[in-house]
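Using this note's numbering, read the sequence shown as starting at 3 and increasing by one per residue. Beta carbons: idealized from backbone N, C-alpha and C, even for Gly. What follows is a set of notes on a single structure, which appears directly below.
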Amino acid sequence: PARYSPQSNWGQSLEYKQEVELYSGGRADFGEIAEAMGALVKQGKIRGWGMCNDNAYGLAASCYAARALGVPPPVNMQNDYSLINRRIDENGLAEASSPVHENVGFMAYNVLAGGVLTGKYLERAAAVDDPDQASARRSLEAPRGRMDERGWGYTLYRYRSGPAAEATRAYSALAKTYGMSLTELACRWTKERSSVTTALLGHTSLAQLDETLRYYSKKEPLPPSLLWEIDRVHMRNRLPIFSSTRVGKDWDGEGEIGE
């Protein structure tokens, strides 16, 4: 959002800080954004507008500002959501965006957690994490995905933190027990969530696209017993991608979670 909010890409603060809110600059208020988007809709340049990486307060404030100005409110909220990031379910965003309240569609991105929920980084660590220099060099020369690139590898550390890796291994074991791949489990679980309207998926090959389309086309729901086992893993750590086993004593209220 074009404002301060306590998210990782705003200094990785572990708490909301009023002084940062009061003295940060370069912000656009909710009314300005709604008015600009409303003008674009009226001109026929866009059909609707949405938001990304904001929270329940931002969504509700945007909707209220749009209604006060008599312009269309946002139609979509896009946030990170996956087996290892259920944050929207517990921070009020799923409630705010639901048809019961603001009726704003929710688009999940990073359903596969940057490729981590395919399981490919369990057998061989991402290049920037790999202690074997020869293995790391091979991954950098022939990357399996973004995690094997130096830039994205460091930026997206949150998906490979100690707690995130632990949860990923647990979900991989569940997928194997129920006769499916971790990729299939991650895609079908997200598809079945009542808070999710649609998903934004990225692929590096047509084969990957065909694979995920096949999973999203399956009509039969995941077994209730499997869903409960997934919830049991979740309850061990409700937000693993924003947890870390690497916390420096001198980090002064900041976390190592990447963008």
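Would you check if the distance between the CB atom of residue i and the CB atom of residue j is smaller than 9 Å?
i	j	result
R162	V113	no
S98	L202	Sequence inspection shows Ala at residue 98; the Ser mentioned does not correspond to that position. Contact flag unset, no.
N239	E168	yes
R146	K122	yes
V22	G52	no
G116	R148	yes
D91	S197	yes
F32	G50	no
G40	A4	no
On the criterion of 16 or more Cβ atoms from any shown chain inside 10 Å, does residue i qualify as buried, or is it exposed?
i	result
D252	exposed
Y18	exposed
Y262	Summary: the structure shown does not reach residue 262, with the chain confined to residues 3 through 261, and so no result is reported for it.
C216	Looking at the sequence itself, residue 216 is Arg, so the reference to Cys does not match. Its Cβ having fewer than 16 others within 10 Å, R216 is exposed.
N87	buried
N81	buried
S10	Here S10 scores only 46 on pLDDT, less than 50, and its place in the model should not be relied on; the value that follows carries that caveat. Result: buried.
I48	exposed
V235	buried
For residue i, list the residues DSSP reports as bridge partners.
i	result
N87	S84
F32	F32 pairs with nothing; no bridge assigned.
T200	M109
C54	Q80
My guess is that residue i and residue j are in contact by the Cβ rule of under 8 Å, so how many angstroms apart are they, rounded?
i	j	result
K220	R171	Between R171 and K220 the Cβ distance is about 24 Å, and since that is not below 8 Å, they are no contact.
A188	L85	5 Å
P165	P242	4 Å
P75	S64	7 Å
A38	E104	About 19 Å; that fails the 8 Å criterion.
Check whether the Cβ of residue i sits closer than 8 Å to any heavy atom of the ligand MN, and report yes or no.
i	result
N57	This structure lacks the ligand MN; in fact it carries no ligand of any kind.
Report task. For the stretch 181 to 189 and the stretch 148 to 166, state whether three or more C-beta atom pairs, one from each stretch, are separated by less than 8 Å. Result -> No: the two stretches stay apart, fewer than three of their Cβ pairs being nearer than 8 Å.
Requested in this report: Could you say if the stretch 116 to 135 and the stretch 69 to 76 meet the contact criterion of at least three C-beta pairs nearer than 8 Å?
Outcome: No, the stretch 116 to 135 does not touch the stretch 69 to 76.
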